[in-house]
Amino acid sequence: LLYFLAIPTIVLGIYWAPVIALAERSVRFFLG
Numbered sequence: 607l608l609y610f611l612a613i614p615t616i617v618l619g620i621y622w623a624p625v626i627a628l629a630e631r632s633v634r635f636f637l638g
C-alpha cells in the first residue's frame, strides 16, 4: 500500500520541482 502511494507522490514531486524553481526565480527577479 505504501509503495502504491509513493509512486504518485514521487511523480508529482518530479513534475512540481521545475515549476516551484521557476516560480522562485520569477519572484526573486521581480522583487530584485
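Here the sequence shown stands for residues 607 to 638, numbered as in our numbering. We put the beta carbon where it would ideally sit given N, CA and C, even for glycine.
It is roughly 37 Å from the alpha-carbon of Ile613 to the alpha-carbon of Gly638. Judged by DSSP in its simplified three-state form, Gly619 adopts helix.
Looking at the backbone, the Cα of Arg634 and that of Gly619 are separated by about 22 Å.
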